[in-house]
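Report on one structure; see the data block that follows.
4 protein chains.
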Amino acid sequence: MIVIVKNGASREALKELTDRIEGQGLKIHMSQGESTTIMGLIGDVSRVDIDLLRSNSIVEAVRRISEPFKKANRKFHPADTVVEIPARDGAVKLGGGEFCLIAGPCSVESEEQILSIARSVKAAGAHLLRGGAFKPRTSPYAFQGLGTDGLQLLLKAKAETGLPIVTEIMSVDKLEFFSDVDVIQVGARNMQNFELLKELGKCQKPILLKRGLSSTIEEWLMSAEYILASGNPNVILCERGIRTFEHFTRNTLDISAIPVAKELSHLPIIVDPSHSAGYARFVAPLSMAAAAAGADGLIIEVHNDPTAALCDGAQCIKPDAFGELTGRLSGLLSVMGGKR
Amino acid sequence: MIVIVKNGASREALKELTDRIEGQGLKIHMSQGESTTIMGLIGDVSRVDIDLLRSNSIVEAVRRISEPFKKANRKFHPADTVVEIPARDGAVKLGGGEFCLIAGPCSVESEEQILSIARSVKAAGAHLLRGGAFKPRTSPYAFQGLGTDGLQLLLKAKAETGLPIVTEIMSVDKLEFFSDVDVIQVGARNMQNFELLKELGKCQKPILLKRGLSSTIEEWLMSAEYILASGNPNVILCERGIRTFEHFTRNTLDISAIPVAKELSHLPIIVDPSHSAGYARFVAPLSMAAAAAGADGLIIEVHNDPTAALCDGAQCIKPDAFGELTGRLSGLLSVMGGKR
Amino acid sequence: MIVIVKNGASREALKELTDRIEGQGLKIHMSQGESTTIMGLIGDVSRVDIDLLRSNSIVEAVRRISEPFKKANRKFHPADTVVEIPARDGAVKLGGGEFCLIAGPCSVESEEQILSIARSVKAAGAHLLRGGAFKPRTSPYAFQGLGTDGLQLLLKAKAETGLPIVTEIMSVDKLEFFSDVDVIQVGARNMQNFELLKELGKCQKPILLKRGLSSTIEEWLMSAEYILASGNPNVILCERGIRTFEHFTRNTLDISAIPVAKELSHLPIIVDPSHSAGYARFVAPLSMAAAAAGADGLIIEVHNDPTAALCDGAQCIKPDAFGELTGRLSGLLSVMGGKR
Amino acid sequence: MIVIVKNGASREALKELTDRIEGQGLKIHMSQGESTTIMGLIGDVSRVDIDLLRSNSIVEAVRRISEPFKKANRKFHPADTVVEIPARDGAVKLGGGEFCLIAGPCSVESEEQILSIARSVKAAGAHLLRGGAFKPRTSPYAFQGLGTDGLQLLLKAKAETGLPIVTEIMSVDKLEFFSDVDVIQVGARNMQNFELLKELGKCQKPILLKRGLSSTIEEWLMSAEYILASGNPNVILCERGIRTFEHFTRNTLDISAIPVAKELSHLPIIVDPSHSAGYARFVAPLSMAAAAAGADGLIIEVHNDPTAALCDGAQCIKPDAFGELTGRLSGLLSVMGGKR
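The listed protein sequences derive, respectively, from chains F, D, S and V.
Position one of the first sequence corresponds to residue 1 (the working numbering), numbered consecutively onward.
Position one of the second sequence corresponds to residue 1001 (the working numbering), numbered consecutively onward.
Position one of the third sequence corresponds to residue 2001 (the working numbering), numbered consecutively onward.
Position one of the fourth sequence corresponds to residue 3001 (the working numbering), numbered consecutively onward.
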């Protein structure tokens, strides 16, 4: 971290500032130019409060050199993290070269619905089953999910098909019901629900962390850091589209987030083309693009009767379209080779 | 709500669609043009899932005419809501023509700090005392607030000065500690923490609801609707700046949100110039602008020693600057007259 | 276009409004509901000024059903437009299933530089040579390009290699110098320089139209419409990344723009991964993603000595990296088959 | 400017880099830390190409300390610029404490229209008359303005009322027709039409430079710098709302831009509440806010018959509403005193 001191700062003010900084256990590399004094802070600057430094009356500017995330940082953990999800038919691996397909309905609606979709997506090659039991909805009057009943239905589908399940948590006080869930999803709106992140950091279950609607990649990795710093190393990043001015798609898939996150972090990253696009007909091209850009997997909304879906029907594809897509993805992945 | 049907839709598909809509208790006003069929849905459309309708294969487009919020809507509640906050020296009123000043530090740091600031801001004309005990921080390594100890210190300051207190809640499981808090704040990052909103809707305490960093006014009012629909009518809106591409300010104060929210809703709206600006020197002009645009009040960060503040020091003003500002605000409000 | 009339509009005001609309050559399909009157406007609504309608005191809302672009619209022109660029070794085709590679430096800097790069990219499979002679720079103090001298050097490179050339125009008064240029580029900052678009519509040269930094796809197609409406059908769309809050990339490639533009319009669309990414190391994954999403081609910055480039050196790749990339793209395109 | 060198850079690479920098006439203040080498560049860094530096293989990061604009920078020109616009009844001053009101229709439509509006706004206290003759419209099918005929009508209105006129230019080749125009406006879409800016820098007429729809304040000041650097010191900044995700207003007025621009630059800054709001009913509160925040003036759309306006009718206010607003503004300005 570099602190640029204003011209004409008094000796006393400078002394006070350096004392304050050294009091936090940091060393200062001082560089006195003709007109500018520059301090290079050396040590664990991830704990330094930049706003605090900036507010000092003799400070002109503060510039961070290194990223503020540590445990999520590839610099300190060069090897890819591979998250293993135990399953009846052998553990599913996420990261490290495997390509993982997660599929299922937006919401669990009934036993028949979830079982039928689970069977279809398994047959088409899915490795995990997704389905929402607790649903974050903009309107208090919209369908809010089946709650714990929905979780029970997901577990039935898991029991029958052997597919591990991924489902979203919305508040700490529901955590007790997630003991048999295989991957806990944190939705975009809760990406900075720090109390929830801290609690999830205390368990060892894989956490699928969606990127916030308008969050930067740095903020996203800082939220991953909350989970990692609390003790849980099993974090899966999920890019699901960001808010932009474009309205022909529900959100804008930030395809660049894949190579960027891969460079900055060792955590696996998957893509949600369904929420990114908002419309079923764009799911296939975005899925292909995500695979070509190096994603570790996809989470896709599949519904047997999209027009009757209780939420987000517009972006669900049917099981046969999912099957066709997995075929095309296999072709693409086969030519990507070791270059991914 | 208007549903535009695709050209060439079959009689059966149209029948299925109208049955589905009428099954939700709505009436349909059908308008058959030469090339377009338009359905006007009549009834309580706030419960209609637009995405669901859009996903129907014969639907070209769906357009909402009325707003999806109901209890927060001025159309159904023309008079200004006035939130009353009981206080030793007489209730503080927010909305309906009064101008309310909330001031205090970003975080409660110590008894001496909060007492001293509370005395200063009271002397300068503040009606309520703000101060954070639970702090949402982007980094897990940054100061997270004093927690319940901080709440105790706030209550001491209230006991001494008589100022009612405003402080932020971050998760449902801490609600029990807020019984003596006068106004509970929901921060920008939790604006769509729907589980929290539902719980806060079950009490009758005034809720200060900050707008999310990238939320639209409609989404903000939908979050207010969550609280209102759960039974609590005491919601105060707080505009605190939105994320834009501009970097000379921390956020961009959406000054237009004041007249827009006043038109759409009966709820009082205040402005947080400190988080909007991010720098102390811009707090005064933004405060003046907010008052001139018709805001019902301001929530301002005041610290006796900004450079030593444990968070957001850069945007805190000192007690004397706050005093000078309140004087200028009085002048401005005096000429605004009944026109506000 | 649908006009929703306010409740309680007087008979006279309604008459005045319908007269005004019919005076523009449109028919009105009137639909009188219990509480709402809806007018469906039939005819060429692309000339209707929506803002004007909205400002009418009895109008509640105006909703467009169809897109405001006509000549660029796939509905009225279902077949893909294929832009043909004459070349010594046979015309280069853009659109309709061909994949076109455009490569070259950001700026033309010297004869040696442009000739050497032209030879390299041709050897690696490029179909067209790009190179800037007139450069739009944020700072008046930055290198502004070699101007007409740069154009001459490009023509030399074309003469030697046979590669047709693509270069940017910045103002109408320079058009006379572009007579031997094969494809004229309109940069992102000039996407809504309507006077320039009108002039370019008067020639028949292919126009490569970059999307504006914060433009919607609709605005982009409206700018294409300016060129088409002036008589020039040879427009190539170029997605080059949009401005978002993300800072690890220079811009954010809107990968969804490819399938969206393909659906809305018949015009070919290519991608500029260099400006999207801003960093050379992200050019390859973005290029692969663009091809997988169905783009008709790529325009890539290639420089023999990026660190010495006079502009945008950070995002240039070297000729050998370009060669490796074209090999990987061939593999990917081979498995995409007819599905693109 | 600070250049942070990567760990382990070779002596030769470092030598090559320093030679390159010194070759541009800059001095280097070298600061060799244990693990980091930092170079402080001293001299006229406004000409340094940051991207070029960043692309150097041994450079970790480049951080600018000072702003890239020079002539527009208050640091080098502390006193407020006052732009004087000659007028029959005495020069109008913009900046330096005066408050200037510019009013008139979006477009000049007819002699009767512009004369009648000119008389009204003059009576209500306007100092300048605005009116568009060349109109930038998103659609090629929308009304494009009366062109040179419109300019003639504006001059008639000027001749009768004595109000100097402000009107927009859209391309260099029309400049010859602007010889009797008093203030030339550059619209938001042309803010980075650098060729136009350079030409306008060669005359001495006041230039009203609107901020681009998604431009940062720095980019805006860089565009002002283009005009200043070409020799014309008479630049007036105009904040007209930026694009955000909010849709209840046409754009979002960045009210903070006023104090920020005042701090960074000596140029006068006015506000366009009409384009910011997009709706007539929000023009008054935004105007009051702009004055309270310290703006040097306002440019407001006034039309005698907004529902018949040929463009942007929704945001025009009527002459009597303008008169009422000027009265309220006077009251507000009277209490602002020397504090503005």
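Glycine included, C-beta positions come from ideal geometry on N, C-alpha and C.
Check                                                                                                                                       : Outcome
Buried or exposed by the 16-neighbour rule on C-beta atoms within 10 Å, applied to residue 3288 of chain V                                  : buried
Beta-carbon gap between residue 1107 of chain D and residue 1147 of chain D smaller than 7 Å                                                : no
CB contact below 7 Å: residue 3115 of chain V versus chain S                                                                                : no
Helix, strand or coil at residue 277 of chain F according to DSSP, with G and I counted as helix                                            : helix
contact_flag[the segment 1232–1245 of chain D, the segment 1254–1263 of chain D] where n(CB pairs < 8 Å) is 3 or more                       : yes
Local conformation of residue 3032 of chain V per DSSP, three classes                                                                       : strand
Residue from F:153, F:308, F:63, F:13 whose Cα sits closest to the Cα of residue 1051 of chain D                                            : F:308
Reduced DSSP secondary structure (H/G/I, E/B, other) of residue 1115 of chain D                                                             : helix
Start and end residues, alpha helix (DSSP H) containing residue 3050 of chain V                                                             : 3050–3054
Rounded separation between residue 3161 of chain V and residue 3122 of chain V - CA only                                                    : 7 Å
Under 7 Å between C-beta atoms of residue 82 of chain F and residue 39 of chain F                                                           : no
Separation of residue 279 of chain F from residue 249 of chain F, as counted between CA atoms                                               : 7 Å
Neighbourhood of residue 1271 of chain D by C-beta, 6 Å cutoff - its chain only, sequence neighbours within 5 removed                       : 1239, 1290, 1295, 1298
C-alpha distance - residue 3124 of chain V paired with residue 3114 of chain V, whole-angstrom precision                                    : 15 Å
Euclidean distance between Cα positions of residue 75 of chain F and residue 66 of chain F                                                  : 10 Å
Contact with chain V by residue 1993 of chain S, beta-carbon distance below 7 Å                                                             : Absent from the structure is residue 1993 of chain S, since the part of chain S shown begins at 2001 and ends at 2340.
Per-residue burial, residue 89 of chain F [other beta carbons within 10 Å of its own, 16 or more giving buried]                             : exposed
Cut-off 8 Å between Cβ atoms - residues of its own chain near residue 1042 of chain D, not counting five sequence neighbours on either side : 1026, 1027, 1028, 1029
Span separating the alpha-carbon of residue 3008 of chain V from that of residue 2283 of chain S                                            : 26 Å
Buried versus exposed, by CB contacts within 10 Å (16 or more), residue 3266 of chain V                                                     : buried
Exposure of residue 3078 of chain V, with buried meaning 16 or more beta-carbon neighbours within 10 Å                                      : exposed
Cβ of residue 1005 of chain D within 7 Å of any chain V Cβ                                                                                  : no
Selection of the segment 3202–3213 of chain V by Cβ proximity to chain F, strictly under 9 Å                                                : none
Whole runs of the beta strand (DSSP E) within the segment 2226–2296 of chain S, excluding any shorter than 3 residues                       : 2235–2239, 2269–2271
Residues in the segment 3252–3274 of chain V having any Cβ partner in chain S nearer than 8 Å                                               : none
Where residue 1195 of chain D meets chain F, residues with beta-carbon distance less than 7 Å                                               : 170, 171
Per-residue burial, residue 1109 of chain D [other beta carbons within 10 Å of its own, 16 or more giving buried]                           : buried
Alpha-carbon spacing of residue 3202 of chain V relative to residue 3185 of chain V, whole angstroms                                        : 15 Å
Minimum Cβ-Cβ distance from residue 3326 of chain V to chain D less than 7 Å                                                                : no
Whole-number beta carbon distance between residue 2261 of chain S and residue 2269 of chain S, since they are thought to touch under 8 Å    : 5 Å
Cβ of residue 2240 of chain S within 7 Å of any chain D Cβ                                                                                  : no
C-beta contact flag for residue 300 of chain F and residue 274 of chain F at 7 Å                                                            : yes
Cutoff 7 Å; reference residue 56 of chain F; Cβ partners in own chain excluding five residues on either side                                : 17
Residue 3116 of chain V versus V:3311, V:3154, V:3192, residue with shortest Cα-Cα distance                                                 : V:3154
Contact with chain S by residue 3164 of chain V, beta-carbon distance below 7 Å                                                             : no
Beta-carbon proximity of residue 1152 of chain D to residue 189 of chain F, cut-off 7 Å                                                     : no
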